[in-house]
Amino acid sequence: MCGIVGIITDSEISIKNDLLKSLKRLEYRGYDSVGYADVQGNMEKDVGEISKFLDTIKDSKTSCAISHTRWATHGGVTKINSHPHWDCKKNIFTVHNGIIENYQELKKELSGKGHVFITETDSEVISHFFEEELKSKSMVEAIKNFIKRIEGTYAILLIEKDKNRIYAIKKDSPLVLGLAKDRFYLASDIYAFSDTTNKAIFFEDGEFAIIDPNKYTFYDSKGKELKKGIYEFTWAISQEESVQDYPHYMIKEIHEQPISTQRLINSLDGEQHDKITKIANLVKNSKRVVFTAAGSSYYASLLGIYFLNRVGVNAHTLIASEFHNFMLVDKDTLFIAISQSGETMDVVAATKWARERGAKIVSLVNVPHSTLQRMSDISLEIHAGPEICVAATKTFTNQVVALLYLSFLLGFSVNMQTIPKKIDYVIRENEDSIKKMANELYEKKDIYIIGRGLSYPPSREMALKLKEISYIHAEGMMGGELKHGTIALIEPGTPVIALIPGKDFDMYSNAKEVEARGARVITIANMMDSDFKIDVTINDGKFAILSVIIGQLLTYYIARKKGLPIDKPRNLAKSVTVK
Ligand code: G6P
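237 is the number of the first residue of the sequence shown in my numbering; add one for each residue after it.
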């Protein structure tokens with residue numbers, strides 16, 4: 237899985253300044269290893285991030301090359317397992333995003349015919365499959381056979397040594413052709429080339445294309461030529477992409493939240509008002525609303541159902557990868573998918589599944605023109621601006637703001653206008669004491685976070701942040717559920733963060749129960765003696781946003797104290813594009 241980029245031109249491009257620069261924009265899809273191959277047969281690959289790779293390789297010029305940034309699935313994070321992969325004669329180079337599910341069977345079959353495999357990956361079979369097919373068939377016939385034989389998901393770019401041409405094949409994993417003035421791009425998404433051109437053609441499942449320097453031809457899975465429309469997109473390049481004076485993107489993005497929430501509120505009051513009103517009407521007229529999402533976006537959806545339930549909407553949510561196992565949808569269901577990237581495979585798959593069953597599809601995305609947005613009947617943009625750190629911070633907050641606004645239109649009582657100011661105040665008031673708390677907590681092995689109702693989803697989101705960025709085992713849980721098992725793990729000194737919105741006495745009692753057993757209780761509440769103070773007196777949902785922001789800062793300062801790679805934590809990708 238991963239990000240892929242290919243470029244073909246009738247002049248010359250630079251591997252470093254064109255190909256890898258473009259690939260770097262897809263690093264959110266994985267950064268375990270990187271590699272490229274060009275049409276002259278040059279090839280380099282290595283473990284680690286693209287910036288490190290750029291420092292170690294020499295630049296060269298070519299007219300046609302493909303590249304890959306990896307998030308490992310099959311086979312460890314090693315140089316040899318990195319893409320591109322090649323055939324026995326080093327004539328065919330391929331990069332792949334997806335999973336070839338029947339690779340073992342194919343590998344056995346091809347080994348029987350004398351092919352030698354040198355990696356542990358599923359993807360390596362692709363080059364050998366084509367090497368075998370091309371002994372007796374044309375490339376178009378070979379691709380048709382490939383589509384027939386392969387089980388799994390794929391966006392593939394293939395080049396042959398000394399032939400100025402890229403072959404591109406797609407099923408389930410995204411793939412798009414970018415049409416620039418002097419070159420064609422093939423990439424996992426338009427972000428790879430949105431600084432160069434706004435013209436693109438999206439591949440649909442089962443399609444493939446042959447790209448020459450001055451011409452492209454699309455085919456369906458049977459090899460029939462297709463006429464495809466060109467999509468012209470608008471993309472505002474934002475200032476926010478640079479880290480400015482901050483040491484990390486994470487802290488910059490946390491501090492941006494007063495501005496990014498204000499931008500979204502303005503847009504929901506302004507140019508997106510009709511859209512969100514339409515969504516509110518759909519909610520009103522549907523028998524049932526079901527959300528799906530993954531990671532932080534899922535915790536935002538939990539808050540969404542909390543708000544909607546308060547105004548009498550029959551709303552549910554389920555993690556995308558399990559959606560088809562535990563949820564029913566039909567034509568009377570309104571399905572709302574939430575995804576920052578709009579590319580998370582689990583979310584895209586659940587959305588496809590719901591659409592096939594007749595549900596109306598709404599999505600909340602941050603990245604415009606993403607796969608999820610293009611699959612939706614209505615798609616709301618959360619306008620958080622580019623989020624570079626792997627951990628979701630400002631995008632989580634804007635997802636919640638959008639859901640609060642939607643609930644407000646349906647009768648939920650909330651003053652949206654004060655959100656940016658409250659965020660600003662919470663950061664200013666608490667940042668210093670959070671730094672001190674980080675010094676106390678950074679060596680802890682476990683942290684528990686408890687919440688109830690409005691503060692339960694924040695407890696989960698905070699725990700996720702602590703795990704992914706601070707590498708501390710953390711559990712976010714319902715305050716009431718603690719006594720049914722987990723309390724056995726509380727020892728003298730175990731940190732328990734209690735999120736106490738308003739006058740929630742049950743929550744207060746849960747905090748006291750662990751304190752009585754020696755826990756180091758840390759409170760986030762609107763109380764004079766709480767460790768971190770949130771200045772909200774009414775339960776209009778803001779507590780959820782503000783408590784999570786305290787959790788974001790705490791996570792950041794713990795990770796900084798530990799010297800961790802904050803913006804690109806180990807093993808993660810910003811968007812996971814395999815199931
Ligand atoms: C990955 C990231 C998480 C993110 C999740 C969902 O797992 O590491 O931080 O919350 O994907 O991403 P999405 O783009 O769908 O919101």
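We treat Cβ as the ideally placed atom computed from N, Cα and C, and that holds for glycine.
Buried or exposed for L564, going by 16 or more other Cβ atoms inside 10 Å? exposed
Quick one: grab the DSSP three-state call for R796. helix
I'd like the span of the alpha helix (DSSP H) that includes F632, first residue to last. 630 to 645
Close Cβ partners of E367 (< 8 Å) along its chain, the five nearest in sequence each way excluded: D323, C324, K325, N327, I328, H351
Secondary structure, alpha helix (DSSP H): runs of 4+ residues fully inside the region 523 to 547: 531 to 546
Assess contact between the region 279 to 294 and the region 410 to 426, defined as three or more Cβ pairs (one per stretch) separated by less than 8 Å. Is contact present? no
Classify P693 as helix, strand or coil using the three-state DSSP reduction. helix
In the DSSP assignment, what residue or residues form a beta bridge with T553? F527
With L290 as the anchor, note down where its alpha helix (DSSP H) starts and where it stops. 286 to 292
Going straight from the alpha carbon of D448 to that of R401, what length do you get? 5 Å
According to DSSP, simplified to helix, strand and coil, what is V603? coil
Length of the line joining the Cα atoms of L600 and A795: 29 Å
Find the nearest neighbour of V750 within the set G716, F353, K769, judged by alpha-carbon distance. G716
How would you label I466, buried or exposed, when you count the other beta carbons within 10 angstroms and need 16 or more for buried? exposed
One question on the structure: do G442 and K380 come within less than 7 Å of each other, judged by their Cβ atoms? no
Is V812 close to ligand 1? I mean its beta-carbon at under 6 Å from any heavy atom of the ligand. yes
Shorter than 6 Å, the distance from the beta carbon of A752 to the closest heavy atom of ligand 1, or not? no
Under 6 Å: does the beta carbon of L640 sit that close to some heavy atom of ligand 1? no
Does the region 558 to 576 come close enough to the region 521 to 531 that 3 or more CB-CB pairs lie under 8 Å? yes
Measure the CB-CB distance between Y535 and P693 and report whether it falls below 7 Å. yes
Does DSSP classify T759 as helix, strand or coil? strand
S691: beta carbon under 6 Å from a heavy atom of ligand 1? no
Flag G271 as yes when its Cβ comes closer than 6 Å to any non-hydrogen atom of ligand 1, and as no otherwise. no
Cβ distance (whole Å) where F648 is taken to contact R546 below 8 Å: 6 Å
Ligand 1 and S533: does any heavy atom of the ligand fall closer than 6 Å to the residue's C-beta? yes
For ligand 1, is there any heavy atom lying closer than 6 Å to the beta carbon of Q498? no
Between S496, P483, K681, I736, which lies nearest to L688 when the distance is taken from Cα to Cα? It is worth fixing the name first, because residue 688 is Arg in this sequence and not Leu. It is I736 whose Cα lies nearest to the Cα of R688.
H332 burial status per 10 Å Cβ neighbour count (16 or more: buried): buried
Can you tell me which residues form a DSSP beta bridge with W307? Beta-bridge pairing links W307 to no other residue.
Close Cβ partners of I512 (< 8 Å) along its chain, the five nearest in sequence each way excluded: L504, L616, A638, Y641, L642, L645
Environment of F562 [buried if 16+ CB atoms lie within 10 Å]: exposed
V270 in three-state terms, based on DSSP: strand
Which of the three DSSP states, helix, strand or coil, is assigned to Y482? coil
Other residues of its chain near I659: CB distance less than 8 Å, five sequence neighbours each side excluded: Q493, P494, T497, T633, I781, L782, I785
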